[in-house]
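Since the structure comes first, as structure tokens, the remarks are kept for the end.
Number of protein chains: 4
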Amino acid sequence: MPDVHAAGEIRRTVAMRERIMTPSPRRRASIGSRRNPETESAVLDAARELLADKGYAGFSIEEVARRAGAGKPTIYRWWPTKADLFVALYGREKTAAIPVPDLGNLAADLARYTLDLWAFWRTNPAGGAFRGLVAEAQGNEAALSLLRDRFLPERLEPLRILFARGVDRDGLAPAEVPARLSLWIGFNWFRVLTGQVEDDGTVAATMRIIAGDRS
Amino acid sequence: MPDVHAAGEIRRTVAMRERIMTPSPRRRASIGSRRNPETESAVLDAARELLADKGYAGFSIEEVARRAGAGKPTIYRWWPTKADLFVALYGREKTAAIPVPDLGNLAADLARYTLDLWAFWRTNPAGGAFRGLVAEAQGNEAALSLLRDRFLPERLEPLRILFARGVDRDGLAPAEVPARLSLWIGFNWFRVLTGQVEDDGTVAATMRIIAGDRS
Amino acid sequence: MPDVHAAGEIRRTVAMRERIMTPSPRRRASIGSRRNPETESAVLDAARELLADKGYAGFSIEEVARRAGAGKPTIYRWWPTKADLFVALYGREKTAAIPVPDLGNLAADLARYTLDLWAFWRTNPAGGAFRGLVAEAQGNEAALSLLRDRFLPERLEPLRILFARGVDRDGLAPAEVPARLSLWIGFNWFRVLTGQVEDDGTVAATMRIIAGDRS
Amino acid sequence: MPDVHAAGEIRRTVAMRERIMTPSPRRRASIGSRRNPETESAVLDAARELLADKGYAGFSIEEVARRAGAGKPTIYRWWPTKADLFVALYGREKTAAIPVPDLGNLAADLARYTLDLWAFWRTNPAGGAFRGLVAEAQGNEAALSLLRDRFLPERLEPLRILFARGVDRDGLAPAEVPARLSLWIGFNWFRVLTGQVEDDGTVAATMRIIAGDRS
DNA sequence: ACGTAAGCGAGACGGTACGTCAGGTCTTAGG
DNA sequence: CCTAAGACCTGACGTACCGTCTCGCTTACGT
Chain W
1 MPDVHAAGEI
11 RRTVAMRERI
21 MTPSPRRRAS
31 IGSRRNPETE
41 SAVLDAAREL
51 LADKGYAGFS
61 IEEVARRAGA
71 GKPTIYRWWP
81 TKADLFVALY
91 GREKTAAIPV
101 PDLGNLAADL
111 ARYTLDLWAF
121 WRTNPAGGAF
131 RGLVAEAQGN
141 EAALSLLRDR
151 FLPERLEPLR
161 ILFARGVDRD
171 GLAPAEVPAR
181 LSLWIGFNWF
191 RVLTGQVEDD
201 GTVAATMRII
211 AGDRS
Chain L
1001 MPDVHAAGEI
1011 RRTVAMRERI
1021 MTPSPRRRAS
1031 IGSRRNPETE
1041 SAVLDAAREL
1051 LADKGYAGFS
1061 IEEVARRAGA
1071 GKPTIYRWWP
1081 TKADLFVALY
1091 GREKTAAIPV
1101 PDLGNLAADL
1111 ARYTLDLWAF
1121 WRTNPAGGAF
1131 RGLVAEAQGN
1141 EAALSLLRDR
1151 FLPERLEPLR
1161 ILFARGVDRD
1171 GLAPAEVPAR
1181 LSLWIGFNWF
1191 RVLTGQVEDD
1201 GTVAATMRII
1211 AGDRS
Chain E
2001 MPDVHAAGEI
2011 RRTVAMRERI
2021 MTPSPRRRAS
2031 IGSRRNPETE
2041 SAVLDAAREL
2051 LADKGYAGFS
2061 IEEVARRAGA
2071 GKPTIYRWWP
2081 TKADLFVALY
2091 GREKTAAIPV
2101 PDLGNLAADL
2111 ARYTLDLWAF
2121 WRTNPAGGAF
2131 RGLVAEAQGN
2141 EAALSLLRDR
2151 FLPERLEPLR
2161 ILFARGVDRD
2171 GLAPAEVPAR
2181 LSLWIGFNWF
2191 RVLTGQVEDD
2201 GTVAATMRII
2211 AGDRS
Chain U
3001 MPDVHAAGEI
3011 RRTVAMRERI
3021 MTPSPRRRAS
3031 IGSRRNPETE
3041 SAVLDAAREL
3051 LADKGYAGFS
3061 IEEVARRAGA
3071 GKPTIYRWWP
3081 TKADLFVALY
3091 GREKTAAIPV
3101 PDLGNLAADL
3111 ARYTLDLWAF
3121 WRTNPAGGAF
3131 RGLVAEAQGN
3141 EAALSLLRDR
3151 FLPERLEPLR
3161 ILFARGVDRD
3171 GLAPAEVPAR
3181 LSLWIGFNWF
3191 RVLTGQVEDD
3201 GTVAATMRII
3211 AGDRS
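Chains as they are written, first to last, in this note's numbering: chain W, 1 to 215; chain L, 1001 to 1215; chain E, 2001 to 2215; chain U, 3001 to 3215.
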């Protein structure tokens, strides 16, 4: 049955020729029936770069796919929404980047951590990822839930440590911790969402209030 | 070749039928070479209603035009960006809705004002407008500037009154007012942007911290 | 989940730069709130050309839009399905191209008309359009109905004339006309769908059978 | 960063649950280094069923693989193109299903055979397979050649018998056989490709014309 | 008897095209 | 000069399949 497969052979030949002809900087084929970490990296790198280049407004899955040399479906397979992509992006950058300080009192610790965080946001596309995530959450219940219920608690861990130490060391009332944590979050959101994450000299004073520092 | 475009004609026919069937919010022709205030109202009403219906995600100029029975260019002429429309929307709603309380101490005043504001946000599309404006500002420099430099100072006037009274009456340090105001703003942003503007009983305590109330 | 777009101003600037930079053979803006015949022409020309280049297999709305310099939504607005586009394409080409012969007897008339039709199909992408329409109809009820109920009766008009003349002149039994017409249609479909529309010398004999010619 | 890809994991989980829930048409492992006839059956059955369910438009290798519980590469290994699969499908079904009638005259034989064939097409997915193969052939040279040069001659064998008998018995001119055969083929193609394979009472008359019956 | 070659399910991969939505621009026609 | 209307191009959306690839496994066959 020699001619039965002619079509397939023709198609294969064409595909091969095309693959040879195109410059194709790097073609990442599948590595079998499991996730290709190279692809994951390429996508996150591209997303990071795009966010840095164009900001949230210019951010699109389409363009990420283009830059990553990835197919759109590949992206949607692993990050079904933009929000997921932002979270992944943020998680990738921030990990362990900001040390949990121990300067002897809560206000100083908060100020140090806050300023480190701001520096991170300023110098790193992850700041843009965070802003994008918040923006996304304003019109998308799933994104909001991702932000509020998964992303936030996770990223707040260092703060909980700081406040716990404040309770032990500085005599902070445990019952007040949630309110003070909310204030810290809100303050930071306000600053980052209005593009004001440079130290204007007010951070220390603000942190003293949040810390309940009466000195 | 008259019947070649039948499909298009069908579409047009459907559109016409729908236009006829819908209550058709009166046909507003031009009123000459000046702005038609009826149109402005119709657009803002439609925007408000749409925001209430679909939220920020479902908000589009296209749909506003549809509901308002207005042409898209008409909308773009007067509100060149979504942000402008949000600001107009918000400015239209909030005015004078929330009384400036005077309950004898700053913490109580802040709590009362905050809860009133939240109630307003819950019951009024303007809350959605605000969230939309923040989202918009994350990818749009003009919207950000509008939000930060025009909208925010304007809406903060009652707070300034409250804090000024706090200085006079409760002995609040004048130097601390900006920081405390920032905390109040941030707290409110955090709550509204995460969809948490119901009183969960934590507001009073939080306001006491912001007010610097040591009782 | 609509994305938040950049400032209109940014977009405008980018668009302008692109418009200036690209050679852009022709930019067709709207000509107001009515159909632009230039666009219609450009689309049909592009479709025709694409069909000639790549055949039915390589035919896509996407590529037509690309070649026509038209937006996909514009194409979908006027030709909601590929079938509509094929019909329009065919209608545009065939009109009045094939004269209705009168050679004295039905068999000769049919042969002449058939060979003219084949010549038209050979030299003109409309032949491809017809094949595409049939292919489309095999998996799409709407396309099938378009083909069977609108396209076919219309294109068969000349044949009806020929057969009517056969009844009057050659004594063809009127009751047999539908069956003979079916045979003519079927014969032509078979030939065009198998890519056999060159005259191999069998047409005259076949048409004599269809015409019921006993000579 | 283990929890960053939760979305993907959720998708996988869902997929697993579905895999568990579906009856899972038995897991066919390899049976060594030769073709597994169970797999072949499963694929052809699935293809047949899918064609019956969804028609040519809904037919995809992907879905066949899904239903057959087969890997896509397995399918591509044995049937490199859709056309091959269609041919295999049709070849599998039709064999010997339609008896070659002998009713005393050619017209009657043709009518009987045609109606039997139509009945077969109506009740059997092979009809859909044939339509699919024709559609495929409109954009695929290999499929066309398959259809024209292999499939058609093979399936026409019974007709040749009928016509040969017509020559012997009914005095049909041998020179006219090819033309009359073409007419029969064309008529049937036209009917099946327009979804008109119910006997509307015109078949007998049409077959008389094809048979050259002058009674 | 055992290594190897081939078949197998699975599913990720880069792609192309789908059909839809909205964005912002443009022009008409009319008041 | 404003207004409603709606066509236009653009570009992104999220989905379906395409055909290829590699994995990890199973089994028969040749050495």
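Here a beta-carbon is modelled for each residue, glycine too, at the ideal position from N, C-alpha and C.
Neighbouring residues, chain L, relative to residue i (Cβ below 7 Å)
i                 : result
Phe187 of chain W : Ser1182, Leu1183 and Gly1186
Nearest to residue i (by Cα), restricted to the options the options
i                  : options                                       : result
Gly2195 of chain E : U:Arg3092, U:Leu3144, U:Lys3082 and U:Glu3038 : U:Leu3144
Gly1069 of chain L : L:Arg1165, L:Val1043 and L:Val1192            : L:Val1043
Ser33 of chain W   : U:Ile3031, U:Gly3071 and U:Val3100            : U:Gly3071
Gly171 of chain W  : W:Val192, W:Arg214, W:Ile98 and W:Ala179      : W:Arg214
Ala1179 of chain L : W:Gly139, W:Thr206 and W:Val192               : W:Thr206
Glu1154 of chain L : L:Glu1038, L:Arg1092, L:Lys1082 and L:Ser1041 : L:Arg1092
Val1100 of chain L : L:Leu1156, L:Thr1039, L:Glu1040 and L:Glu1141 : L:Leu1156
Thr1039 of chain L : L:Lys1054, L:Ala1065, L:Ala1052 and L:Gly1055 : L:Ala1065
Leu3181 of chain U : U:Arg3169, U:Val3192, U:Ile3209 and U:Asp3168 : U:Ile3209
Tyr90 of chain W   : W:Ala108, W:Arg150, W:Glu141 and W:Tyr113     : W:Arg150
Lys3054 of chain U : E:Leu2193, E:Asp2168 and E:Gly2139            : E:Gly2139
Ala2096 of chain E : E:Ile2031, E:Gly2166 and E:Tyr2113            : E:Tyr2113
Within chain L, partners of residue i - CB distance below 8 Å
i                 : result
Phe163 of chain W : Simply none; closest approach about 13 Å.
Chain W residues whose Cβ lies nearer than 7 Å to that of residue i
i                  : result
Gly1132 of chain L : Gln138
Phe1190 of chain L : Ser182, Ile185, Gly186 and Trp189
Tyr1056 of chain L : Gln138 and Gly139
Boundaries of the alpha helix (DSSP H) in which residue i is found, first to last residue
i                  : result
Val177 of chain W  : Val177 to Leu193
Asp1053 of chain L : Pro1037 to Lys1054
Ala3204 of chain U : Val3203 to Ala3211
Gly1058 of chain L : Taken as a continuous stretch (DSSP letters only), Gly1058 of chain L belongs to no alpha helix (DSSP H), as it is neither H nor E.
Ser3033 of chain U : Taken as a continuous stretch (DSSP letters only), Ser3033 of chain U belongs to no alpha helix (DSSP H), as it is neither H nor E.
Arg160 of chain W  : Glu157 to Asp170
Arg2077 of chain E : Lys2072 to Trp2078
Arg2122 of chain E : Leu2106 to Thr2123
Ala1097 of chain L : Ala1097 of chain L -> no alpha helix (DSSP H), and no H or E assigned at all.
Glu2141 of chain E : Glu2141 to Ser2145
Contacts of residue i in chain W (Cβ-Cβ under 8 Å)
i                  : result
Pro1178 of chain L : Thr202
Assumed close pair residue i, residue j - CB separation to whole angstroms, cut-off 8 Å
i                  : j                  : result
Leu2110 of chain E : Ala2211 of chain E : 6 Å
Ala2137 of chain E : Leu2147 of chain E : 5 Å
Arg3067 of chain U : Leu3050 of chain U : 6 Å
Ala3047 of chain U : Gly3128 of chain U : Contact flag wrong, Cβ pair sits at about 10 Å.
Interface partners of residue i on chain U, CB under 9 Å
i                  : result
Leu2144 of chain E : Leu3193, Thr3194 and Gly3195
Amino acids of chain U, ordered along the chain, whose beta-carbon sits closer than 7 Å to that of residue i
i                  : result
Thr2206 of chain E : Ala3179, Ser3182 and Leu3183
Ala2135 of chain E : Ala3135, Gln3138 and Gly3139
Partner residues on chain L for residue i, Cβ-Cβ distance less than 9 Å
i                 : result
Arg148 of chain W : Thr1194, Gly1195 and Gln1196
Listed by chain order, chain W residues near residue i by CB distance under 9 Å
i                  : result
Ala1052 of chain L : Result: empty, since nearest Cβ-Cβ is about 14 Å, beyond 9 Å.
Neighbour list for residue i in chain E, Cβ cutoff strictly below 8 Å
i                  : result
Ile3209 of chain U : Glu2176, Ala2179, Arg2180, Leu2183, Ile2209, Ile2210 and Gly2212
Decide if the stretch 1078-1093 of chain L is in contact with the stretch 1045-1059 of chain L; the criterion is three or more beta carbon pairs, one per stretch, under 8 Å apart.
With a cut-off of 8 Å, the stretch 1045-1059 of chain L and the stretch 1078-1093 of chain L count as touching, because enough Cβ pairs lie within range.
Just checking, does the stretch 1131-1138 of chain L make contact with the stretch 1199-1206 of chain L on the three C-beta pairs under 8 Å criterion?
Short answer: they don't touch.
Contact the stretch 2179-2193 of chain E vs the stretch 3174-3191 of chain U: 3+ CB pairs below 8 Å
The answer is yes - the stretch 3174-3191 of chain U touches the stretch 2179-2193 of chain E, with three or more Cβ pairs under 8 Å.
Measuring CB atoms only, is the stretch 113-123 of chain W touching the stretch 1108-1128 of chain L, in the sense that at least three cross pairs come out at less than 8 Å?
With a cut-off of 8 Å, the stretch 1108-1128 of chain L and the stretch 113-123 of chain W do not count as touching, because too few Cβ pairs lie within range.
Does the count of Cβ pairs from the stretch 1104-1111 of chain L and the stretch 150-167 of chain W closer than 8 Å reach three?
Fewer than three beta-carbon pairs drawn from the stretch 1104-1111 of chain L and the stretch 150-167 of chain W are found closer than 8 Å, and the two stretches are therefore not classed as touching.
If we count Cβ pairs, one from each stretch, closer than 8 Å, do we get three or more for the stretch 3064-3078 of chain U versus the stretch 3166-3185 of chain U?
With the cut-off at 8 Å, the stretch 3064-3078 of chain U and the stretch 3166-3185 of chain U do not touch.
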